[in-house]
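Numbering (the working numbering), first residue to last: 20 to 394.
Quick reminder that beta carbons are idealized off the backbone N, C-alpha and C, glycines included.
Please read these numbers as outputs of a predicted model, since none were measured by experiment.
One structure below.
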């Protein structure tokens, strides 16, 4: 999207939104910006020496968020995602995507604490829907492309009685928020999701998610031949969280089972991985809102020997929050992350030999949020 079209889209959005917002009980406008420096070292293809791959500043993300409350039981959210990286097909230094656009209905069923959500919304799978970027990088679900963080669909989500946990059931397009309209012709099947989190005692949460999804059509529209890209995917995530005192420990296990057409020669496979992430707050020790974070990921792309890599990520991070809102949530935060990503040379594909895919990365990010009630 060119700069002119980007500005025009923002103006039209505000013009369309204003009459609607003017009828609401309450309207909040907010946003979030991520200014980041990235420094990355890898191996040279010529002599396997260390070489600088990336060294740049960028506005990685900028979110503009409008939330309205029309009644005690009906509210909406509209979020625009602006970015200066991931710029394939763009030439003007910025891109624009819709991230959320949904309505919550909280009082149309007799079931307590049940919300019906319609529109472009969160995908309630694994850690991706409650991932708050305590570390700069994506959740494992997003990092390993198990599921998109948002999608077009309809969900029933809510809380179990007496604080026992939460649940969600959903039907989505299954292709994420970046794929829409004419592009959906490649897949006419919906994705089906179930998610459950249980909190048996305060500080302990366990649960899991399941999603059935397909990729593209089983047979091509042009000649009814078998589509090589067609997949059936059974996606599963197991999540555990232990939060006691200054320690907040997250763990997640992921499984992606892929089946192709029965008459296709490509071998079916299962990819698996896990994450362990401890977060330690130093506030009581030093009197300042500082967090120390570690993360260990192990990801096996596939058990197919012809197309396989074993990846290990070791990440360390420090967060310093120096501005808070009225509820003590971070409003301005400085984040420093170091990542060491390696691949198993003896088990991964030949292209991963001699540490050619290994990466050492430093990211420094200033993240800040703002919001205000305009009515």
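| Query | Result |
| --- | --- |
| Can you name, in chain order, every residue of its own chain whose Cβ lies under 6 Å from the Cβ of residue 51, other than the five neighbours on each side? | 82 and 388 |
| Roughly how many angstroms lie between the CA atoms of residue 69 and residue 216, to the nearest whole one? | 44 Å |
| Would you mind working out which of 96, 302 and 239 sits nearest residue 280, comparing C-alpha positions? | 239 |
| Would you list the one or two residues that DSSP bridges to residue 55? | 77 and 384 |
| Between residue 121 and residue 95, is the Cβ-Cβ spacing less than 8 Å? | yes |
| Work out the CA separation of residue 390 and residue 55 for me, nearest whole Å. | 21 Å |
| Excluding the five sequence neighbours on either side, which residues of its own chain have a C-beta within less than 7 Å of the C-beta of residue 218, listed in chain order? | 182, 183, 184 and 224 |
| Just the Cα atoms here: how many angstroms apart are residue 258 and residue 372? | 33 Å |
| Does the distance from the CB of residue 161 to the CB of residue 168 come in under 8 Å? | yes |
| Assuming the contact rule is C-beta atoms closer than 8 Å, residue 271 and residue 145 should be a hit. Round their C-beta distance to whole Å, please. | 6 Å |
| Of all the alpha helix (DSSP H) runs that stay within the bounds of the region 147–198, which reach a length of 4 or more residues? | 159–162 |
| Quick check on residue 303: does DSSP put it in helix, strand or coil? | helix |
| Just mark residue 302 as buried or exposed, buried being the case when its beta carbon has 16 or more other beta carbons within 10 Å. | exposed |
| Identify whether residue 339 lies in helix, strand or coil by the three-state DSSP scheme. | strand |
| Out of 356, 335, 385 and 320, state which residue places its alpha-carbon closest to the alpha-carbon of residue 363. | 320 |
| With respect to the beta strand (DSSP E) encompassing residue 227, which residues constitute its N-terminal and C-terminal limits? | 223–234 |
| So, with DSSP's three-state summary, where would you put residue 370? | helix |
| Thinking C-alpha only, which one of 316, 250, 338 and 374 is nearest residue 299? | 338 |
| Terminal residues of the continuous beta strand (DSSP E) containing residue 362? | 349–362 |
| Which residue or residues does DSSP assign as beta-bridge partners of residue 48? | 85 and 391 |
| For residue 74, collect the residues of the same chain with a Cβ closer than 7 Å to its Cβ; drop the 5 residues on either side in sequence, then sort them by chain order. | 58 |
| Please name the residue, chosen from 141, 196, 117 and 313, that lies closest to residue 101 on a Cα-to-Cα basis. | 117 |
| Short of 6 Å in beta carbon distance, which residues of its chain neighbour residue 295, apart from the five on each side in sequence? Order them along the chain. | 270 and 315 |
| If you draw a straight line from the C-alpha of residue 25 to the C-alpha of residue 349, how long is it? | Any reading at residue 25 needs caution, since the residue's pLDDT is 46, under 50, leaving its predicted position unreliable; the model's value is listed next. Approximately 29 Å, taken between the alpha carbons. |
| Take the Cβ of residue 22 as the centre, count every other Cβ of all protein chains shown within 10 Å, and call the residue buried at 16 or more, exposed below. | Per-residue confidence for residue 22 stands at a pLDDT of 45, beneath the threshold of 50, marking its modelled position as unreliable; no derived number is given. |
| Quick test of your reading: residue 357 and residue 381, contact by CB under 8 Å. State the CB separation rounded to the nearest angstrom. | 6 Å |
| Is residue 122 helix, strand or coil by DSSP? | strand |
| For residue 360, tell me which candidate among 354, 317, 126 and 370 has the shortest Cα-Cα distance. | 317 |
| Between the beta-carbon of residue 392 and the beta-carbon of residue 47, is there less than 8 Å? | yes |
| Please report the straight-line C-alpha distance between residue 20 and residue 113, rounded to a whole angstrom. | Because the pLDDT at residue 20 is just 47, under 50, the model does not fix this residue reliably, and the value given afterwards should be weighed accordingly. Those two C-alpha atoms are separated by around 8 Å. |
| Pull up the DSSP beta-bridge partners for residue 90, would you. | In DSSP, residue 90 forms no bridge with anything. |
| Please state the DSSP three-state secondary structure of residue 206. | coil |
| Rounded to whole angstroms, what is the Cα-Cα separation between residue 234 and residue 164? | 13 Å |
| Taking the continuous beta strand (DSSP E) assigned at residue 136, which residues delimit it? | 133–141 |
| Compute the Euclidean distance between the alpha carbons of residue 143 and residue 304, then round it to the nearest angstrom. | 35 Å |
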